[in-house]
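Comments concern the structure below.
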Amino acid sequence: MDEELRRALDPGDPGRPTRLPPGSWRLAVRRAWHGFVRHRGVDAAAALTFFTAVAAFPAALAVASAFALASDRERAVEDLVAIARTLLPDDVAESLAAPVGQLLRLENAGVALAIALVLLVWTVSGYATAFGRAVNAVYEVQEGRPFWAFRARMLLVAAALVVLATIAAATLLSTPTAVDDILGERGIAPAVTTVWAVLRWPVLLAVLVLAVALLYTLTPNVRHQRTIWASVGSVFAIAVWAVATGGYALYVSLVGAYGAIYGSIGTLLVALLWGYLGNLALVAGAELDAEFVRLRQLARGIDAAELVRLPVRDTRRNHWIASRHDADVAEARRIRERTDE
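When you line the sequence shown up against the numbering used here, it's residues 331 to 671, in that order.
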């Protein structure tokens, strides 16, 4: 590794945002916006939302199968509708009873759960690969990892994301009232419920920070020396997503008429648009992270004014694509030469 790349990877004190030159924050924000437009961040967020929607189907099957294993089918439908009522309007939650009942008609819930989990990890790995391509565009590098190596890595990332999503969902559903009911049946002191009511949101925030850090660090074809669990970009993405969620929820409750116009499909439309807002925030956060990497490198005297200087993980795929391109061009020239004759 050459000296400049070694210095680019060195975290050092100048990497802290508070140690950057005065006024550099404004440059980072401005260039992040310009990069978001230039790298087609809106299109990248739309592609990520598509993969999110694809993953929703095996996720729904996995949840329904898990509840079917834990209780009888009728009880499972009641439990799922009760959970939906905590997140959705009552009429929308009730409309889910029929499709959930159809999902639970599977003869072998255990086999259905296993298949759903395999499909879920595979579809989430598709999301991870798309996210890696989006971040590659942010750093203006090509994906150089061979398909098998890239996909294997993304499958591991996907498995981790599924686990984190399960923890996040359990945290959201474990309301103080639900925890109090469960613990009350076992004679556990109510103080535990009070402690959980305080710890619930920090736990959820920690899960979100970890998930975003995995996406930003492990999916692109650029290598950082260490994982920054709470980078400027990840904090920005989570904060913007939280604000957008609150604003969008207020809009849907006061102005939106998705349920009246579209019925139960309106719920899916609301979820799709919410996911799109979140993916916009994630892509914008990646742009902001890249610009702060650039500022840290500039502060060390590294020539990063044009491109961020980070080493790539692999270039084997790039060499193969280049050789195939050269072969195609050579064949096209031979056709032209034969035509001239």
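Think of the CB as a built atom: it goes at the ideal place given N, C-alpha and C, for glycine as much as any other residue.
Identity of the residue in Thr379, Ala444, Gly615 nearest Val468 by Cα: Gly615
Close beta carbons around Tyr606, own chain, < 8 angstroms, minus the five adjacent residues each side: Ala375, Ala376, Thr379
Which residues DSSP lists as bridging Val642, in chain order: Val552
Cβ-based burial, Val623 [other Cβ within 10 Å; buried from 16]: buried
Rounded C-alpha distance that separates Glu661 from Asn648: 20 angstroms
Option in Thr524, Glu473, Ala495 with minimal Cα separation from Arg643: Glu473
Where Pro673 falls: helix, strand or coil (DSSP): Not covered by the structure: residue 673. The range shown for the chain is 331 to 671.
As assigned by DSSP and simplified to three states, the class of Val613: helix
Alpha-carbon to alpha-carbon, Trp650 and Glu636: 27 angstroms
Option nearest Ala479 by Cα separation, candidates Asn551, Asn609, Gly576, Ala657: Asn551
As assigned by DSSP and simplified to three states, the class of Gln472: coil
Beta-carbon proximity list for Thr547, same chain, < 7 angstroms, skipping 5 on both sides: His554, Thr557
Inter-residue Cα distance where the pair is Leu486 and Ala385: 16 angstroms
Under 9 angstroms between C-beta atoms of Val451 and Ala488: yes
Alpha-carbon spacing of Ala536 relative to Ala634, whole angstroms: 32 angstroms
Sequence-distant residues of its chain with Cβ nearer than 6 angstroms to Glu617 (five each side left out): Ala362, Gly365, Phe366, Val468
Trp571 vs Leu612 beta-carbon contact at 9 angstroms: yes
Range of the contiguous alpha helix (DSSP H) that encloses Arg483: 477-503
With 16 other Cβ atoms within 10 Å as the buried cut-off, status of Tyr457: buried
Reduced DSSP category for His655 - H, G, I as helix; E, B as strand; rest coil: helix
For Leu637, three-class secondary structure by DSSP: coil
Straight-line Cα distance separating Val562 from Phe387: 33 angstroms
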